[in-house]
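From first to last, the protein sequence lines stand for chains A and B. Take the first sequence: its position 325, counting from 1, is numbered 338 in the working numbering, and each next residue is one higher. Take the second sequence: its position 262, counting from 1, is numbered 275 in the working numbering, and each next residue is one higher. Every residue gets a Cβ at the ideal spot worked out from N, C-alpha and C, and that includes glycine. Structure, as structure tokens:
There are 2 protein chains.
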Amino acid sequence: MVAGPAVSIRDVAAQAGVSVGTVSNVLNRPDIVAASTRNRVLAVINELGFVPNDAARQLRRGRGRTLGLVVLDVANPFFTDVARGVEDATGEAGMAVIFCNSDGDQARESRYLDLLEEQRVQGVLITPVDDANERLVRLRDRGVLVVLLDRRSTRADVCSVSVDDRLGGELAMRHLIEAGHRRIAFVGGPWGLEQVRDRYEGARHALREAGLAEEHLRRFETASPTVAAGRDAASRILGLPRSARATAVFCANDLLALGVLQELTRQQVRVPEDIALVGYDDIDFAAAAAVPLSSVRQPRQRLGRTAAQLLLEEANEPERHRHQQVVFEPELVVRESSRYARPAD
Amino acid sequence: MVAGPAVSIRDVAAQAGVSVGTVSNVLNRPDIVAASTRNRVLAVINELGFVPNDAARQLRRGRGRTLGLVVLDVANPFFTDVARGVEDATGEAGMAVIFCNSDGDQARESRYLDLLEEQRVQGVLITPVDDANERLVRLRDRGVLVVLLDRRSTRADVCSVSVDDRLGGELAMRHLIEAGHRRIAFVGGPWGLEQVRDRYEGARHALREAGLAEEHLRRFETASPTVAAGRDAASRILGLPRSARATAVFCANDLLALGVLQELTRQQVRVPEDIALVGYDDIDFAAAAAVPLSSVRQPRQRLGRTAAQLLLEEANEPERHRHQQVVFEPELVVRESSRYARPAD
DNA sequence: GCGCCGGCCTGAAACGTGTCAAGAGTATCC
DNA sequence: GGATACTCTTGACACGTTTCAGGCCGGCGC
């Protein structure tokens with residue numbers, strides 16, 4: 014019931030008959046203390062159940078053993094996979110991750126950045142809500158390392174790890190064009206997200222490349238990148254007269270695609286016979302969907318792991334570190350949802 | 014490039030021409046300082062871009078503004094929804110969450126608990142890997158608040174928030190029995206997880222209640238509660254001669270059920286015609302599965318939110334707080350995967 | 001004018017750790 | 001035997017806050 018008074022390094026020192034400095038050395042530079050002393054101190058630490066106070070350590074050292082991860086949506090498996098990668102890398106280095114969920118909300122993101130700064134985290138891995146680099150640069154100038162995640166840095170002095178979203182858009186679009194589709198809907202949003210815009214630009218590029226006019230690609234913007242928003246977009250698409258209706262839909266992420274699929278199915282529209290469908294991210298659930306979903310795969314876990322490694326490297330050997338923009342390549346995975354499509358015009 | 018020397022409360026005090034104590038008061042008890050002074054100090058804080066150092070505050074105060082959340086699997090949407098609830102509650106209270114993923118691994122869990130203790134978190138919300146309450150009780154005795162999550166506490170002096178897993182198992186099983194199934198497989202694991210055992214017990218109870226013998230329910234244990242393990246279990250089930258093969262499968266969670274569904278489909282077994290399927294958790298993807306999945310729904314977000322509130326309450330008004338075991342009720346959601354099942358014996 | 005009160009502010013002492021210059025032994029070498 | 005070098009250990013200070021016992025000052029009642 015009564016919380017025993019926390020045992021400090023001082024209690025350990027007294028009990029072991031050494032000075033606090035020595036105890037500290039046992040903890041941080043065990044090699045410089047004599048084996049006999051070291052063992053005695055370790056025994057006392059064990060006996061007393063001493064646990065070092067990281068706040069004090071951090072206060073003295075200047076920076077802590079934690080880093081922040083700010084993502085757009087915890088409910089999106091894409092980000093949990095990324096988080097998994099981050100966790101693996103940081104766990105190995107004995108660091109803790111403060112996981113924050115901006116939810117695509119600017120104000121929320123800002124609050125979390127304040128909080129992380131107060132925590133004096135070593136650094137922040139972030140998928141920013143918008144291109145408010147200014148806030149992030151200010152952060153970095155104050156000594157908080159910043160690595161952009163799933164977003165390419167436009168500044169040479171800020172690291173980033175991303176996937177080539179334009180290329181991803183191209184892959185998906187080329188695939189649909191080759192299958193003969195000529196009325197294609199792009200579903201994505203909010204438009205503030207760079208990923209969404211880039212994937213759309215990639216799609217447009219594929220269109221031009223194939224010598225097709227712009228009007229073959231029609232844009233449906235969504236309020237959020239979620240399943241619910243996907244359902245909504247689908248009913249907008251189905252609201253058009255059949256002759257003008259798209260024969261294929263390319264979604265900026267898999268959650269949207271799953272939403273689209275649900276609504277199409279509910280309204281008796283067959284996938285892929287009536288409408289073909291391609292998603293983005295290739296989350297694990299894409300393959301398990303009502304109609305297995307074609308999708309553009311990203312190395313999710315690797316994304317997180319690499320970002321964390323970059324940050325740790327910069328933290329531990331700043332002199333050796335060179336800022337870099339790592340860009341991975343996406344890969345199209347074709348499944349039922351776009352396989353046997355025969356656009357019926 | 015050069016990180017400006019962090020500005021401290023002392024710099025603010027000097028610049029504003031007041032003492033450090035006053036600056037601290039402006040921050041923590043603004044009401045007791047004269048309006049004119051307060052404004053002057055606030056102006057300087059803004060101008061200098063002062064950000065309080067939480068480590069120092071925590072050192073002085075004894076405990077920090079963070080709490081730990083330890084879950085079994087980040088990749089499971091059930092837990093991200095729970096995390097979401099936790100985040101909502103803590104965000105309102107201005108606290109940060111350190112998110113940890115034990116991955117069902119005892120050693121990993123233990124490492125994370127050490128780390129959280131070093132961070133002097135206010136408390137820990139945890140879904141323990143096994144019933145190693147001993148470790149948690151020790152933690153609590155040292156002043157770290159503990160709330161069990163998705164696991165009922167057996168001790169009156171430890172709070173817990175859970176869902177009645179036995180009842181959930183009963184609901185699912187009754188449903189299958191009423192549909193006429195007499196050879197039912199239970200897929201779940203690892204068996205160390207209390208949730209798995211309780212759901213199984215609930216199923217057995219429903220069996221006895223219906224006056225049926227034990228052999229109508231056959232247990233298939235899995236190494237982990239994942240999609241891959243589900244696929245594996247399904248192929249074990251299909252390995253049996255048709256006459257002995259189950260006509261219905263009840264899975265301890267939806268990931269397993271999705272795996273089972275994938276493998277059944279791959280091997281041309283129809284759901285629900287050949288084999289009916291019921292999952293557990295009712296994650297969002299259950300409804301979007303190849304065959305929409307019947308599942309036992311749990312109030313996921315509410316689970317997290319309630320647990321966090323309990324912990325905050327205990328932290329902020331310990332005298333008023335009474336330890337309690339909150340138990341929510343699950344609810345069966347029937348969808349295609351078990352709807353039109355006619356067991357063909 | 002005196003005593004008292006209340007509002008506002010100050011200054012210093014902690015909190016638990018890391019660091020570092022200096023000291024205490026002890027072994028080595030001529 | 002004394003100087004030198006080396007290995008461990010010590011003790012004090014610093015990190016940035018919060019807290020708290022006081023101090024100053026102007027106003028009030030007598």
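Residue i: contacting residues in chain B (beta-carbon distance under 7 Å)
{"i": "leucine 360 of chain A", "result": "What is shown of chain A runs 14 to 358, which leaves residue 360 of chain A out entirely."}
{"i": "phenylalanine 91 of chain A", "result": "Within 7 Å Cβ-Cβ: nothing; phenylalanine 91 of chain A doesn't reach chain B, min ~11 Å."}
{"i": "proline 65 of chain A", "result": "Glu131"}
{"i": "glutamate 100 of chain A", "result": "Asn114"}
{"i": "arginine 77 of chain A", "result": "The sequence shown places glycine at residue 77 of chain A, rather than the arginine named in the question. Per Cβ cutoff of 7 Å: Ala68."}
{"i": "glutamine 322 of chain A", "result": "Simply none; closest approach about 18 Å."}
Residue from the options whose Cα sits closest to the Cα of residue i
{"i": "arginine 112 of chain A", "options": "A:Leu82, A:Ala185, A:Val64", "result": "It should be noted that the sequence gives phenylalanine, not arginine, for residue 112 of chain A. Ranking A:Leu82, A:Ala185, A:Val64 by Cα distance to phenylalanine 112 of chain A puts A:Leu82 first."}
{"i": "glycine 156 of chain A", "options": "A:Glu100, A:Leu85, A:Gly107, A:Gly75", "result": "A:Gly75"}
{"i": "valine 54 of chain A", "options": "A:Gly34, A:Ala26, A:Asn41, A:Arg73", "result": "A:Ala26"}
{"i": "glycine 193 of chain B", "options": "B:Tyr125, B:Ala302, B:Ile288", "result": "B:Ile288"}
{"i": "valine 20 of chain A", "options": "A:Pro65, A:Ser173, A:Asp294, A:Val159", "result": "A:Pro65"}
{"i": "leucine 126 of chain A", "options": "B:Asn329, B:Ile139, B:Met108", "result": "B:Met108"}
{"i": "leucine 268 of chain B", "options": "B:Glu227, B:Pro238, B:Asn59, B:Val160", "result": "B:Pro238"}
{"i": "isoleucine 250 of chain A", "options": "A:Ala226, A:Glu222, A:Glu105, A:Gln280", "result": "A:Gln280"}
{"i": "cysteine 264 of chain A", "options": "A:Glu100, A:Gly202, A:Leu161, A:Asp154", "result": "A:Gly202"}
{"i": "leucine 80 of chain B", "options": "B:Val347, B:Gly317, B:Arg310", "result": "B:Gly317"}
{"i": "glutamate 330 of chain A", "options": "A:Ile45, A:Glu191, A:Leu158", "result": "A:Leu158"}
{"i": "valine 389 of chain B", "options": "B:Asn38, B:Leu138, B:Ala102, B:Gly292", "result": "With chain B covering only 14 through 358, there is no way to say anything about residue 389 of chain B."}
{"i": "alanine 106 of chain B", "options": "B:Arg97, B:Asp86, B:Arg78", "result": "B:Arg78"}
{"i": "isoleucine 197 of chain A", "options": "A:Glu130, A:Ala219, A:Val39, A:Glu60", "result": "A:Ala219"}
{"i": "leucine 162 of chain B", "options": "B:Glu207, B:Leu61, B:Glu131, B:Glu191", "result": "B:Glu207"}
{"i": "histidine 188 of chain B", "options": "B:Gln314, B:Leu253, B:Val309", "result": "B:Val309"}
{"i": "arginine 195 of chain A", "options": "A:Arg221, A:Gly205, A:Glu214", "result": "A:Arg221"}
{"i": "arginine 133 of chain B", "options": "A:Arg153, A:Phe63, A:Arg124", "result": "A:Phe63"}
{"i": "arginine 348 of chain B", "options": "B:Glu327, B:Arg164, B:Asp295, B:Ala216", "result": "B:Asp295"}
{"i": "glutamate 60 of chain B", "options": "B:Asp144, B:Ile22, B:Ser256, B:Val84", "result": "B:Ile22"}
Neighbouring residues, chain A, relative to residue i (Cβ below 7 Å)
{"i": "glutamine 71 of chain B", "result": "Ala68"}
{"i": "leucine 189 of chain B", "result": "Ordered by position in chain A, no residue passes the 7 Å Cβ test against leucine 189 of chain B, which lies about 22 Å from the chain."}
Cross-chain neighbours of residue i in chain A, by beta carbon under 8 Å
{"i": "leucine 271 of chain B", "result": "Phe298, Ala301"}
{"i": "valine 87 of chain B", "result": "Thr93, Ala96, Arg97, Glu100"}
{"i": "glutamine 275 of chain B", "result": "Ala300, Ala301"}
Where residue i meets chain B, residues with beta-carbon distance less than 8 Å
{"i": "valine 240 of chain A", "result": "Asp297, Ala301"}
Proximal residues of chain B, C-beta to C-beta of residue i below 9 Å
{"i": "alanine 19 of chain A", "result": "Gly75, Arg133, Arg155, Gly156"}
>> Against chain B, which members of the region 27 to 39 of chain A pass a CB distance test of less than 8 Å?
In response: Hits within the stretch: zero.
> Which runs of the alpha helix (DSSP H) fall wholly inside the region 134 to 217 of chain A and span at least 4 residues, in chain order?
Replying inline: 146 to 154, 178 to 191, all fully within the region 134 to 217 of chain A.
> If you measure beta-carbon to beta-carbon, which residues of the region 278 to 296 of chain A are closer than 7 Å to chain B?
Replying inline: Here the close residues number zero.
>> Just to confirm the assignment: which complete alpha helix (DSSP H) runs, minimum length 4, are found wholly within the region 302 to 347 of chain A?
In response: Whole alpha helix (DSSP H) segments, 4+ residues: 313 to 329.
> Would the region 274 to 290 of chain B and the region 52 to 70 of chain B be scored as touching if the rule is three or more Cβ pairs under 8 Å?
Replying inline: The answer is no - the region 52 to 70 of chain B does not touch the region 274 to 290 of chain B, with fewer than three Cβ pairs under 8 Å.
>> At a CB distance below 9 Å, what residues from the region 142 to 156 of chain A approach chain B? Give them in sequence order.
In response: Within the region 142 to 156 of chain A, the residues whose Cβ lies closer than 9 Å to some Cβ of chain B are Arg151, Arg153, Asp154, Arg155, Gly156, listed in chain order.
> Okay, do the region 144 to 154 of chain A and the region 62 to 79 of chain A touch, 3+ Cβ pairs below 8 Å being the bar?
Replying inline: Look at the beta carbons and you see the region 144 to 154 of chain A not touching the region 62 to 79 of chain A: under three pairs across the two are nearer than 8 Å.
> Is it true that the region 319 to 337 of chain A meets the region 300 to 307 of chain A, where meeting means three or more beta-carbon pairs spaced less than 8 Å apart?
Replying inline: No, they do not touch.
> Counting pairs of Cβ atoms below 8 Å between the region 153 to 172 of chain B and the region 338 to 350 of chain B, do you hit three or more?
Replying inline: At 8 Å Cβ cutoff, the stretches touch.
>> Using 8 Å as the cut-off, can you tell me whether the region 28 to 44 of chain A makes contact with the region 30 to 42 of chain B, which would need three or more C-beta pairs spanning the two stretches below that distance?
In response: Short answer: they don't touch.
> Are the region 116 to 132 of chain B and the region 180 to 190 of chain B in contact at 8 Å, needing three or more beta carbon pairs?
Replying inline: Below 8 Å, too few C-beta pairs join the region 116 to 132 of chain B and the region 180 to 190 of chain B to call them touching: fewer than three.
> Between the region 41 to 53 of chain B and the region 85 to 104 of chain B, do at least 3 Cβ pairs fall closer than 8 Å?
Replying inline: Segments in contact, no.
>> Going residue by residue through the region 223 to 267 of chain A, where are the continuous alpha helix (DSSP H) segments of at least 4 residues, counting only ones entirely within it?
In response: Counting whole runs of 4 or more residues, the region 223 to 267 of chain A contains the alpha helix (DSSP H) stretches 240 to 251.
> In chain order, which continuous runs of the beta strand (DSSP E) of length 3 or greater are located wholly inside the region 72 to 136 of chain A?
Replying inline: Correct list: 79 to 84, 109 to 114.
>> If we require 3 or more residues per run, which beta strand (DSSP E) segments fall completely within the region 271 to 303 of chain A?
In response: Taking 3 residues as the shortest admissible run, the region 271 to 303 of chain A contains the following complete beta strand (DSSP E) segments, listed from N- to C-terminal end: 289 to 294.
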